[in-house]
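Read in full-length UniProt numbering, the first sequence has 557 at position 557, and its numbers run on one by one without any break.
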Amino acid sequence: MSMETEGERLAELAKRRGYFFGASGAYGGAAGFYTFGPQGASLKSNVEDAWRDRFTVQEGNFEIEAPTIMPEPVFEASGHLDGFDDMLVECPECGESHRADHLIEDATAIEEAETLPIPEVEALIADHELQCPTCGAHLAGESVDDFNLMFETNIGPGSSTPGYLRPETAQGIFVEFPRIKEYARNSLPFGATQIGRAYRNEISPRKSIVRTREFTQAELEQFVDPERDEPALESVADVAVTLYPAAEQEADDGDYVETTVGAAVEEGIIGDAWIGYFLGIAQEWYERIGVDMDRFRFRQHLAGERAHYAADCWDAESEVDGDWIEIAGFAYRGDYDLSKHSEYSDDEFTIFRQFDEPKTVETAVVEPDMSVLGPEFGGAAGDVKSALEALAERDPDAFEGKTVTVEVDGETHEVDVDVANFRVETQTVSGEHITPHVIEPSFGVDRTVYTLLAHAYEEDDVGDETRTYLSLSPDVAPTDVGVFPLVSNVERLVERAEGLVDDLRESGFSVVYDDSGSIGRRYRRQDEVGTPFCVTVDRDGLEGDGPDTVTIRERDTARQVRVPVDDLVAELRAVERGGQPFDDLVDRYDLVESGTDA
RNA sequence: GCGCCGGUGGUCCAGUGGUAGGACAGUGGCUUCCCAAGCCACUAGCCCGGGUUCAAUUCCCGGCCGGCGCACCA
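As C-alpha cells, then:
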C-alpha cells in the first residue's frame, strides 16, 4: 500500500477519470469550486435520485425547488445576516480571533457596534486600548476584517434591492411554508424536501470537495405538531446504529454506543423520537448506497456546539484518512424558523389545529361607537379605539365602572363604558393556530459522493501489478454495464456487441461500449470507474450448439458467467436493480475460467 | 486571513540560467478468443504577472491554485 493518503489517491483518480476537478482551471482556477466530470455528475445525480426516492417518495413528502437567490429580508429573519457579518480581529500574540464589535460593545456604551464602518471600529479599539480577552495583549493597530460568509448580489439594476445566495437550502422551504401547507391541505405532519445548491464564501475552503464555496444539499423539513404527531418509530426500531453521544465524547474513557434506534430512543440517548426515526432511515440509506458502515457513526452535538435553537442535534459522520467528515445533520429546530418568518414577514406561518372538543370561552370585546369617539377625540380616535381593545383583553375589570380610562401618547382619555360598548361574549372555539415544530435532516450531497468514492476505492494485487477498482453500489455507479467484443477484428463479435448496446440502452441501462486494446485493459478501465458489470461477446458464445451466449463479469471478483443472450437483460436487471447477488448467477450458469486470477 | 511546503504533457514524476525527459494514460495501425501483453507511428507540458539577465521553466518579488497546521465552519 502506498504512502499517499486516500484523499490523494482519490483526487488523482477523480481528475483522470472525470469524477471531479477544480473548476475554471484554464483561468487559474477559483478556490472552493469544483466541476463534476461525466462520471462524477452521473454518480452525484444517482445519489440525489436515491435520496429523493427514500426521503421524498417513500416518505410521501413534497419536493420543491426554490430560488438560490433570495432578498435580504429573508436572511434578516433567518438570522443569517447578523450571523454572517462578523467583524473579526486577530490577536497578534495568541492568534485568537475575536468579534471586534463585541469587544467594543463590552468596553463602551455603544450598542450596535456591528453597524459601524471598519475604520471606525479600528479607531475605537485603539482609543479604548482594548485587549485580547484570551491573553491580554493589546489589539490597537490590528486590522479588523469583515467576514461575510454569504455571497451578496443586487437584484435588478442598482443596489436598492440587495439579495444573497442562500447559505442553506432550508430557508427556501421555510419561506414558502404558507404555500406548501396549503398544498398539504393544512394538515400536519408533512415533510418538504429540496435538493439544491447552497453557497458560503468560506474563508478557507479545504479538503477537496469536502468544504467548498458552492455545494449541494438535500434537505428535509419535517413539520410536526409537537403534541400530537409521532414518527413511525417501530419501522426502524431494530436498526442497529453506532452512536457517539455527547456524554461519551466528554468522558475520559468515552466510547461508542452500539445499540438500536428503538433502544436509544427508549433510553433517552436520542432525545427525540423524530430524530431517532430519521437516524434509522438514514442509516439504512447510507448502507444501501455504499457507505462503509465500519467507517460511519452518528455523533451527537455537544451542548456548546448546537445552534441556539436546536434542542437535540446529531451528525452523520464518515471516516476518510482518519478524519471524521460531517455528511449529514439531524436537528430538532423547534418552531424557531417558522416563528422568525412569522415575525418578520406579512404571512402567517401557522397551522390551524382543531380541538378534540370545541371549547367555549368567554371573551371580553369592545365595539366602540366611533360616531361618538370621532368627534370627541378627532385624530386620536383610532388610537383610543385600539387602546380600548387592548385594555379589554388585558383587564376586563377596568370596564366595571361607568367610565373607563385609557392612555394614548401620554394623554389620559376618559370614555363612557356605554360608548365603548363593552361586553363579554361567549364564543365557541374549535381550534387554535399553532406553529409547527421542525425536524431537519440535512444531507451534504458532495460529501456523500466523496465518502462513497473513498470507501469504494480498492486495490488488488494481481501478479506484479495492482488492480484499482471502485466498489460502487450498482444503485449509484455512473455506468451500469460495459459491453465489449472480445476482439475487435472479428466483425460478427463487434456487430453483436453493438446490438447489445442498443438493446441494453433501450432497457434503461447506462452503457459504455469499448473495443480498443486488449480485453484486460478494457476491464480495468471499467473497474477504475466502478462499473459493476461487463458483458463480453466471444466466438464461443456464437458458435455453440445451443442458444447464443455472452459472458457477464462481476467487477469486484472478476468472476464471469456465461448466460444466454436472450436472458441478458433480465439477469442484468436483477443484479443491477433488484439487489440479487452475483452468486445467484454463479449458481445457475457456467463459470468462465479466466487466464489469471483477480 | 496567517505560517510552512509545493505547482513541468491527460495523470504521476525527473531535470535545466541557453525553452525539456521518463513512466503511465490516450489516438491511429498491426497483432490478439478473457483480465493494464507486444510492435510501429502519433498527440501532448514548464501556473500567471513583474524584476534581475544578452537570455528565466530555472534566480528574486507578487498573485493564483493545491496540501498541511492555526483560525473560521453561523
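Virtual Cβ for every residue (Gly too), placed ideally from N, Cα, C.
- In the displayed model, Lys15 falls within a helix according to three-state DSSP.
- Apart from sequence neighbours up to five positions away, the residues of its chain that approach Val429 with a beta-carbon distance below 6 angstroms are Lys359, Val361, ordered along the chain.
- Across the set Val449, Thr468, Arg524, Val565, the C-alpha of Val565 shows the shortest separation from the C-alpha of Arg496.
- With a beta-carbon spacing of about 22 angstroms, Ile125 and Leu149 fall beyond the 8 angstroms limit used to define contacts.
- Going by DSSP, Asn154 is part of the beta strand (DSSP E) stretching over 152–154.
- If you compare the alpha carbons of Gly482, His455, Arg521 with that of Thr466, the shortest gap goes to Arg521.
- The three-state secondary structure of Thr435, taken from DSSP, is coil.
- From the listed residues Ile439, Val535, Ser516, Asp502, the smallest Cα separation to Ser488 is found for Ser516.
- When the alpha-carbon of Ala192 is set against those of Arg555, Glu63, Val490, Glu543, the nearest one is in Glu63.
- Counted as a single uninterrupted DSSP element, the beta strand (DSSP E) harbouring His413 occupies residues 411–416.
- Scanning Leu500, Tyr513, Gly579, Ser510 for the CA closest to the CA of Asp567 turns up Leu500.
- Considered as a whole, the segment 362–419 harbours 403–408, 411–416 as its complete beta strand (DSSP E) runs of no fewer than 3 residues, in chain order.
- With a beta-carbon spacing of about 6 angstroms, Thr212 and Tyr34 fall inside the 8 angstroms limit used to define contacts.
- Per DSSP, the continuous beta strand (DSSP E) segment holding Ser318 begins and ends at 313–320.
- The straight-line gap separating the alpha-carbon atoms of Gly544 and Gly579 is approximately 31 angstroms.
- Asp584: member of the alpha helix (DSSP H) spanning 582–588, first to last residue.
- Taking the C-beta atoms as reference points, Val417 is found no nearer than 7 angstroms to Ala387.
- In the assembly as shown, Pro157 is an exposed residue. Its beta-carbon has fewer than 16 other beta-carbons within 10 Å.
- Taking 7 angstroms as the cut-off, the beta carbon of His341 is found no closer than this to the beta carbon of Phe352.
- Residue Lys44 holds the alpha-carbon nearest to the alpha-carbon of Arg447 among Lys44, Leu338, Gly18, Gly25.
- In the structure shown, the three-state DSSP call for Glu63 is strand.
- A direct Cα-to-Cα measurement between Thr161 and Ser24 gives close to 30 angstroms.
- Per the coordinates, the alpha-carbon of Ala390 lies some 22 angstroms from the alpha-carbon of Asp347.
- Taking the CA atoms as reference points, Ala574 sits about 43 angstroms from Ile69.
- Note that the segment 288–297 does not touch the segment 330–339; fewer than 3 beta-carbon pairs, one per stretch, sit closer than 8 angstroms.
- Taking 7 angstroms as the cut-off, the Cβ atoms of Val241 and Phe296 do not count as close.
- In terms of CA proximity to Gly410, Ala380 leads the group Val476, Ala380, Val438.
- Boundaries for Gln58: no alpha helix (DSSP H) harbours it, and the DSSP string shows neither H nor E there.
- DSSP places His301 outside both helix and strand once states are collapsed to three, so it counts as coil.
- Rounded to whole angstroms, the gap between the alpha carbons of Tyr19 and Glu554 is 22 angstroms.
- Here Ile552 is not near Val529, since their CB atoms are 7 angstroms or more apart.
- For Gln194, the uninterrupted beta strand (DSSP E) segment begins and ends at 190–199.
- Look at the beta carbons and you see the segment 220–229 not touching the segment 242–254: under three pairs across the two are nearer than 8 angstroms.
- In the DSSP secondary-structure assignment, Pro564 is bridged to Thr549.
- Closest option to Thr363, judged by alpha-carbon separation, among Asp395, Ser371, Arg17: Asp395.
- A buried status is given to Glu317, since no fewer than 16 other beta-carbon atoms sit within 10 Å of its beta-carbon.
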